[in-house]
Each structure stands twice: as C-alpha cells, then as structure tokens.
Amino acid sequence: MTKGSNLVIVESPSKAKTIGKYLGPDYRVEACMGHLRDLPKSKMGVDLEHDFEPDYQPLASKAAIISELRSASKAAKHIYLATDPDREGEAISWHLKELLELPDDKTERVTFNEITKNVVTRSIQEPRSIDYNLVDAQQARRILDRIVGYQLSPLLWKKIRRGLSAGRVQSVATRLVVEREQEIEAFVPKEYWTIDVLLRCLNKPGSFTAHYYGEEKKRELHSEAEADEVLRDIAGQEFTIAGIKRTEKRRSPTPPFITSTLQQEASRKLNMTPRRTMAVAQQLYEGVDISGEGTVGLITYMRTDSLRLSEEALAAARDFITDRYGPAYYPGQPRHFRKKEGAQDAHEAIRPSNVRLDPETIQADLTREQYRLYKLIWSRFVACQMSDARYDAVQIDAREMKDIPTDTSFLEMLDILNEQLIEEGNEPFVFDHDCREGICGMCSLYINGHPHGPNQGATTCQLYMRKFNDGDVITVEPWRSAAFPVIKDCMVDRTAFDKIMQAGGYVSVRTGQPQDANAILIPKEDADEAMDCATCIGCGCCVAACKNGSAMLFVSSKVSQLALLPQGRPEAAKRAKAMVAKMEELGFGNCTNTRACEAECPKNESIANIARLNREFIKAKLAD
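Just so you know, my numbering puts 1801 at position 568 of the sequence shown, and the rest follows in order with no gaps.
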C-alpha cells in the first residue's frame, strides 16, 4: 500500500474482496473480522458503582489484526469505517476508532445497504460521522447482557442446579412461555351444541344435511335446553335451497422479507436453522462470484425489520414484471407496505440487489444453500409487487345420495351424482380418474380428512360405499399442496412429479442383443424390495397427507427402486441430487418425519426409503 492511499475497514474478508474490486487501486480494503475488543470474560467488566462504566480490553486472539490495521491506518491518507450498517456495526466502527486511535480529521463512517458498485461508490462519496446514539444502544445491550448473565446465572446454579443460565432475552422469553402454559392450564372448557338436520326437497327427489347457524347472526348453543328450543322452532318449517354459489376472490401478495420472516420461511420451506439462514444470507450480501459479472452482492442487508423498499427497487420490479410477465401482472402502481409500530426504518426490506439476476440464471455460480435462499428472497420480492391473485371460491350445497348400493365404488357414486347434476341443468363435479383399478393413481381425492379416503392401502377407486353409514356426511376436497395447483373442483395438476422423474428417474441401457435372464444376478431380498418400491403409483397421496407438502416418500421410492438394482448404478452419482434439487425447485416442503405419508400411502411405501434416499444423496455429494 502506498502512503497516500485510502483505507477502508470492513468486517469480513469476502466483503473486503468485493468492495476492493469496486473501488480500485486507490483504496486498500481490510477486514477487522468483527469485534477487536470486548468486556473481559474473567470478570464482570462493568463498574456498577460508577455509572456502569465498561472496561473494554483488546482481544488477545486479534492481536495480529490489530497490529496490521494500526500500521495501515498510520500510512493511510483517509480512513473509511465501513462495518455493517446496524448498531453492532456502528459499535465496531467506534471501537476501531478508539482502539487504533484514529484522528477525527481523516476518519469517517460509511455504510452499504447493498454491495453493488453503484451503492459502494456513492456511499464512499457520501460519508458521515459515527452515530453515537447507535453506539450507545449497542453498549446498553452489551452491558445488560453482562449484568444479567453474570449476576443471575450464579444464583440459578446455587438455588436450582448447575449449568442453567439467565439472559436479557432468554429469561423474558422463558417467562412468556410459562405464562402461556399457565393460561392453558387455567382454561375452563365450555359446553356447546351443534345442530345438523336432514332437509328433503319438495316435489322432487333429493336431500342434504344443513348446519344450524342462527337467524340474522351466528348463535352459539351452550346447553341441551337451548338446542331443544331451536329444534322446536324449526320443526315442520320450509327452507329455501341456496344452490351453488361461485365467487371470484382476490388475495394480495405478502410483504417482502424482514429478518424474522426470512428465518421463519427458510425454516419452514428450506429446513434451515435461523443461524444457518443468516450465515448464508451474509454470504449473498457480501458478494458471490458470478460468471460474466465478477463478484456481486446479491441481496440487501439482511438484518432489518423494515418493510420499506427504495424507489429504484420499485421501478426495477415494475420494469421486470411487465417485461417478463406482461402488464396484466403489474397492479399499475408500486405496492408500499405499512411498517409495524416501533420498527426501525434504517434499512430496506430484504430484497435482491438486481432483480434481473433471477435464480435460474446464476444457479451454476451458487452453492445449493445459496441458490435456495436467494430464490426464496427473489421470488418473495417479485411477488410482492405483482397483481392480486384471483381464484374461484366455490360453495356447493351438500347433496344426499339415495338408494346407492353398498357395493358401488366411490367413483361410481360420483358418476351418479354428476348424472343427477346434468339432469338438473347444473355443472357436473370435476374429478380425475382413468384405470379404476388402483394402478394409475389419478383418483386423487381428499375424503373426510384422508387422502383416498378412510381405507388403508387402497386408492379412491377401490373405496366402496359400504365403508360409510347411511346418513353420513362425506366431505370431498382436492389434494392440499402448493405444488399441485387445482385445475377445477377436485382435479389437480400433478405434472410436478413428471418433472422430478425427468430430472433423474431413469437408467442407461445398452441396446442390441438382449441379455439372458440371469446374466445379472440380483439377490432375491434386493429384488423383492425394489419391486415394493416400484409399486409407487405417483398419486401424490404422500404430499397431500404431509403437513409440509413434502414429496420425500415419492422421490425416495423412485430412487430406492433404482438404487437396489445394478441397472441403476450408472446414474447413482447424480440421480439423488438431481431429483432432490428438482423437488425443492418445484415448491415441495420438507420432511419432518411425522410418518403421515406412510400411514396414508395406498401402496404401503415405507419411510425406510427416505433413509436410503438420504444415504444416496450424501454419497453423491461426497463423490463431487
């Protein structure tokens, strides 16, 4: 470094690398690797008698970094403290200034909400002084952590047991949990009654079950006497059938991510811990090497509780949406989201730095975790500026099916229902089916809370009406999964499974003269297990049964079938990776081992296959 150059101090080496490329040779960018001084571990480090004065000491592990930065700062013409743009980063800049004894006349503070060339160069041109309000806020938090931890933890050890700890946050959270548990224990159950009546049609066959609501507003019945009173009032009365009511509903998009919502969604959809989520987000923020672009910071700063979006970001989203999807998908004006009361608005919401860098375009340059998290952030941002979702809400009156023989299959009963609807001039009920032999899996209906109905080890077409009692109310719904969009009524689009199979569910074969039947010997146990896995019909029942909408049982069955056979080894190194990646890309959830998939599967596929899939995936990753 030349004596007259400028020194920029950031926190991490990767961030230093990215910023150094943007600023050029006149700037030397160094990383301090976080805090360089802190309260001592061996004692309180806070003078409780003298205005809580902290005793900061240099960290012994950072002695070499401190020495290097001190030398560099003395030789620098100007010093920019560019630590993270939050109170912790502000405090680190203050500690740097105090520890390195940086002069006021050549030391300034800069912050980068996103690590892009335009933002970095603009921020360097617009420095400021250290914000001591933020510094004091960080010091107050640090001192409180030390006082609560060092004062209360020994008391817990003495009074309860060793190993317990108290904290400024954890102790309050523990109290909230205890208070909630006390509320649950103090809850007193209340008696309530419901009334269902069977209404028969006048002058034509047909009936349906109706649920009592009230006259003008909903009425709650708290005793048998109140229920009997209602029954006496409605006895012998005539009622009007509302028929079928279809309405179009709208749903506005969810706001962009803040720190807490990003951690929640990453945990729910990507099975990433909050700590891992923030670590990967830090990588995306600091910069990733992108082919043809160099090192690029892909997202804005990830520690924020603000829903604000810059005007530049809103304009970029508008142009991107109209160019890629068309004007109909843009609401006509940008969406602004109301911030929560008490939220700090120093930083924008978490968004992509450049919306034109879509996840698929740069997937090859990202690790698996980086790609998944970036896609989550990118998709949420784009969606938040798009038009409302429109969907049909269908309310269908229940219908009594009379004189249905007990040996009638469930699908045949639906056929009879549709014949009646057509005769009445109504639109028939849409459902899917083909073979009606339990082979194709298309008869995918959610019946009384169970995929394929109450029978175990059977598809809907193998369900017969003798399974139900006379007068039973049967609720029929489509598969419940975001990955299976509803086409109409109870027909869903399951082409997501086809895409997973295309990604890796195949084997390479040598054409030509066929081999003898016993040319490749396969142990009977393996052959039998492979055959069991091959019985999966891809109906999607496992997805519908899973609270997370996971497709792991389906994918694991297909992978296991090929993993158990020698014919499947040529693609083994990439099959599991490719199919899992495609599954995640299509929006299926994560497996949390509730075993609902195994319990509801019409072909009794075992979750042991999921363990085999995990082994195959790990072997494939190790082979990279």
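Just so it is clear, CB atoms sit at the ideal spot from N, CA and C, and this is done for glycine as well.
- Around the CB of tyrosine 1679, 16 or more other CB atoms lie within 10 Å, so the residue is classed as buried.
- A check of alpha carbon separations from lysine 1295 across Glu1758, Thr1555, Leu1269, Ala1806 identifies Leu1269 as the nearest.
- Nearest to arginine 1845 by alpha-carbon distance, out of Cys1834, Pro1835, Val1813, is Val1813.
- Per DSSP, the unbroken alpha helix (DSSP H) holding threonine 1354 starts and ends at 1350–1358.
- Where isoleucine 1298 is concerned, there is no enclosing beta strand (DSSP E), although the alpha helix (DSSP H) around it starts and stops at 1296–1308.
- Put simply, the segment 1354–1368 does not touch the segment 1379–1393. Fewer than three CB pairs are less than 8 Å apart.
- Three or more Cβ pairs closer than 8 Å define a contact, and the segment 1295–1310 meets that threshold against the segment 1253–1272.
- The count of Cβ pairs closer than 8 Å, one atom from the segment 1727–1742 and one from the segment 1695–1705, stays below three, leaving the stretches out of contact.
- A contact is defined here as three or more CB-CB pairs under 8 Å, and the segment 1675–1693 fails this definition with respect to the segment 1650–1661.
- If you draw a straight line from the Cα of aspartate 1598 to the Cα of leucine 1517, it is about 12 Å long.
- A distance below 7 Å separates the beta carbons of serine 1620 and proline 1564.
- Considering only Gly1822, Arg1433, Asn1587, the residue with the shortest C-alpha distance to alanine 1784 is Gly1822.
- For phenylalanine 1570, the closest alpha carbon among the candidates Ser1300, Ser1543, Val1776, Thr1600 is that of Ser1543.
- As a beta-bridge residue in DSSP terms, isoleucine 1583 pairs with Phe1490.
- Residue burial is scored here from C-beta neighbours: alanine 1373 has fewer than 16 other C-beta atoms within 10 angstroms and is therefore classed as exposed.
- Lysine 1330 carries a helical assignment under DSSP once its states are collapsed to helix, strand and coil.
- The beta carbon of valine 1725 lies closer than 6 Å to those of Pro1711, Trp1712, Phe1717, Val1719 in the same chain, with the five residues before and after it left out.
- Fully contained in the segment 1614–1672 are the following beta strand (DSSP E) runs of length 3 or more, in chain order: 1622–1628.
- A distance below 8 Å between beta-carbons, with the five flanking residues on each side excluded, links aspartate 1722 to the following residues of its chain, in chain order: Val1627, Phe1662, Val1663, Phe1664, Pro1711.
- In the DSSP secondary-structure assignment, serine 1362 is not bridged to any residue.
- With contacts defined as CB atoms closer than 7 Å, phenylalanine 1614 and proline 1803 fail to qualify as a contacting pair.
- Of Ala1324, Thr1506, Arg1484, Glu1831, the smallest CA-CA separation from glutamine 1618 is found for Arg1484.
- Separation of serine 1839 and valine 1402 (C-alpha to C-alpha, rounded to the nearest whole angstrom) is 43 Å.
- One thing to note: threonine 1528 has its Cβ within 7 Å of the Cβ of lysine 1254.
- When C-alpha distances from threonine 1340 are compared across Ile1242, Pro1486, Arg1848, the shortest belongs to Ile1242.
- Contact between the segment 1532–1542 and the segment 1583–1597 is present: three or more C-beta pairs spanning the two stretches fall below 8 Å.
- Straight-line spacing of the CA atoms in leucine 1503 and glycine 1520 works out to 21 Å.
- Residue state for alanine 1443 is assigned as strand, using DSSP reduced to three classes.
- Each residue's CA atom was taken as its position, placing alanine 1806 and glutamate 1602 some 20 Å apart.
- In the three-state reduction of the DSSP assignment, tyrosine 1563 falls in the coil class.
- Leucine 1314 carries a strand assignment under DSSP once its states are collapsed to helix, strand and coil.
- Cβ atoms of cysteine 1830 and alanine 1778 come within 8 Å of each other, at about 5 Å.
- Distance from the CA of cysteine 1769 to the CA of asparagine 1351, rounded to the nearest whole angstrom, comes to 53 Å.
- Boundaries cannot be given for arginine 1395, as no alpha helix (DSSP H) includes it and DSSP labels it neither H nor E.
- Closest in alpha carbon position to serine 1456, among Arg1501, Phe1345, Leu1654, Trp1426, is Trp1426.
- Per DSSP, the continuous beta strand (DSSP E) segment holding tyrosine 1260 begins and ends at 1260–1264.
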